[in-house]
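Student: Numbering (UniProt numbering), first residue to last: 1 to 397.
Yeah, the Cβ is synthetic: ideal placement off N, Cα and C, and Gly gets one too.
Model, not experiment: these values are computed from the prediction.
Below is the structure I would like to discuss, written out as structure tokens.
So this is what it looks like as structure tokens:
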């Protein structure tokens with residue numbers, strides 16, 4: 001297992017690489033590294049050597065910590081990179097597990113999150129066919145549509161027709177987004193058997209996105225969740241801006257943890273942590289998860305990464321190392337972020353599957369069939385896929 005953390009400050013950077021082999025943690029720094037009690041933290045905890053390099057001129061060479069030895073079962077990082085605009089904080093500890101999960105649950109969000117911001121109206125028949133094709137891939141969860149006001153999201157105005165026309169697979173679930181009681185009632189009337197609520201860790205984003213404060217949103221969700229419980233309908237939660245907000249910038253992990261805890265205690269069986277504008281890095285992901293997992297078990301968490309800065313797969317890998325076993329993704333990488341210019345949107349299902357399968361992690365999903373579904377929707381939208389895997393397969397065929 002390997003952990004890399006880099007924090008950039010102009011012409012200097014701090015480098016820390018932790019590697020754990022057969023019970024032997026090894027810590028590396030650069031030739032300029034000063035080991036011991038550095039500016040970033042201590043190097044010895046629970047019998048496991050920690051290494052944090054003092055800020056130094058950029059250098060590609062590394063050297064081992066002189067005291068690297070056998071240690072405990074986990075590696076604790078005393079200093080983590082949070083990106084170029086944030087300073088490294090001392091003694092923030094994040095535990096990385098020995099092994100990756102044997103199985104990862106894939107949650108496909110393309111038909112809803114991927115299509116909802118399309119400027120041109122996508123024909124209902126195309127949405128239905130996309131979901132039907134995805135149902136044949138083995139995906140266990142396919143978010144079908146959103147029961148929101150057509151005034152705010154006109155692309156989802158055909159939600160009832162879509163939900164009632166799709167061919168439901170016995171192995172898949174088809175949750176729909178329901179932001180309030182009105183949406184919930186319409187969804188149930190249309191045949192929904194699972195719903196989702198959408199909150200935020202950013203007060204400003206909550207006001208601009210769902211027109212209410214975080215506290216008020218929780219009151220709305222409580223009504224939906226309580227009613228859903230009475231009807232034995234599972235509820236999933238979303239928390240946007242978990243790693244950054246387009247209005248407030250970086251979000252304190254404690255705020256994220258608080259919102260996640262509230263949703264979980266209200267009754268959400270799972271809460272998806274969204275990097276809404278794709279600014280997260282493995283360091284900020286690890287830090288945020290550390291705080292969240294102090295309040296909610298990892299089995300009740302999922303990650304929802306956007307690939308704006310090309311960090312989505314790395315962030316997912318970090319989440320897996322920390323015990324997360326559920327990943328949101330979008331076929332063909334559908335779903336651009338309206339808050340970040342040039343954003344490439346959701347991480348593509350194809351790319352996540354390729355990575356997981358290459359690591360020997362089971363998903364139960366047929367990658368080739370997902371690529372076919374992605375090709376279908378891209379042709380329907382007259383655009384190229386955002387999936388690197390699909391692009392590579394297309395060139396090689």
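1. Do you know offhand how far residue 322's Cα is from residue 300's?
2. Can you list the beta strand (DSSP E) stretches of 3 or more residues lying completely in the segment 93-148, in chain order?
3. Considering only residues of the same chain and omitting the five flanking positions on each side of residue 153, which have a CB-CB separation below 8 Å?
4. Could you name the residues that DSSP lists as bridge partners for residue 274?
5. Between the beta-carbon of residue 363 and the beta-carbon of residue 374, is there less than 9 Å?
6. For a test of the three-state rule: what should DSSP assign to residue 268, helix, strand or coil?
7. Flag this pair as yes or no: are the beta carbons of residue 173 and residue 128 separated by less than 9 Å?
8. Across which residues does DSSP place residue 346 in a beta bridge pair?
9. Classify residue 255: buried if its beta carbon has 16 or more other beta carbons within 10 angstroms, exposed otherwise.
10. Residue 379 bridges to which residues according to DSSP?
11. Does residue 226 come out as helix, strand or coil in the three-state DSSP assignment?
12. Contact criterion: CB-CB distance below 9 Å. Does residue 237 meet it with respect to chain D?
13. I'd like to confirm the pairing. Which residues does DSSP put opposite residue 186 in its beta bridges?
14. Taking the C-alpha atoms as reference points, what is the distance between residue 158 and residue 126?
15. Can you tell me whether residue 42 is helix, strand or coil according to DSSP?
16. Does the contact criterion of 3 or more C-beta pairs under 8 Å hold for the segment 160-175 versus the segment 199-219?
17. Look at the Cβ atom of residue 189, then the Cβ atom of residue 227, and state whether they are nearer than 9 Å.
18. What did DSSP end up calling residue 326 once you bin it into helix, strand or coil?
19. On the DSSP bridge list, what partners appear for residue 177?
20. Do you know how far the Cα of residue 113 is from the Cα of residue 328?
21. When DSSP labels each residue in this structure, what does residue 238 get in the three-state scheme?
22. Would you kindly work out how many angstroms separate the C-alpha atoms of residue 156 and residue 289, rounded to a whole number?
23. Given this structure, state the Cα-to-Cα distance separating residue 333 from residue 319, to the nearest angstrom.
24. Going by DSSP in three states, residue 287 sits in which element: helix, strand or coil?
25. Can you tell me which of the three DSSP states residue 364 falls into?
26. Give a yes or no on whether the C-beta atoms belonging to residue 315 and residue 355 are separated by under 9 Å.
27. Measure how close the beta-carbons of residue 201 and residue 242 come, nearest whole angstrom, since I'm counting them as under 8 Å.
28. State buried or exposed for residue 150, treating a residue as buried only when at least 16 other CB atoms are found within 10 Å of its CB.
29. Tell me whether the beta-carbon of residue 220 lies closer than 9 Å to the beta-carbon of residue 179.
30. Alpha carbons only, please: which of 276, 263, 250 is nearest the one belonging to residue 287?
31. With a cut-off of 8 Å on the beta carbons, I'd call residue 358 and residue 345 a contact; round off their distance for me.
Tutor: Quick answer:
1. 13 Å
2. 105-108
3. 116, 146
4. 304
5. no
6. coil
7. no
8. 306
9. buried
10. None; residue 379 has no bridge partner.
11. helix
12. In the structure shown, chain D cannot be found, because there is only a single protein chain.
13. Per DSSP, none; premise fails for residue 186.
14. 12 Å
15. Note on residue 42: pLDDT 33, under 50, position unreliable in the model; no value is reported.
16. no
17. no
18. strand
19. 146, 196
20. 10 Å
21. strand
22. 32 Å
23. 19 Å
24. helix
25. coil
26. no
27. 6 Å
28. exposed
29. yes
30. 250
31. Residue 358 to residue 345, Cβ: 23 Å. No contact.
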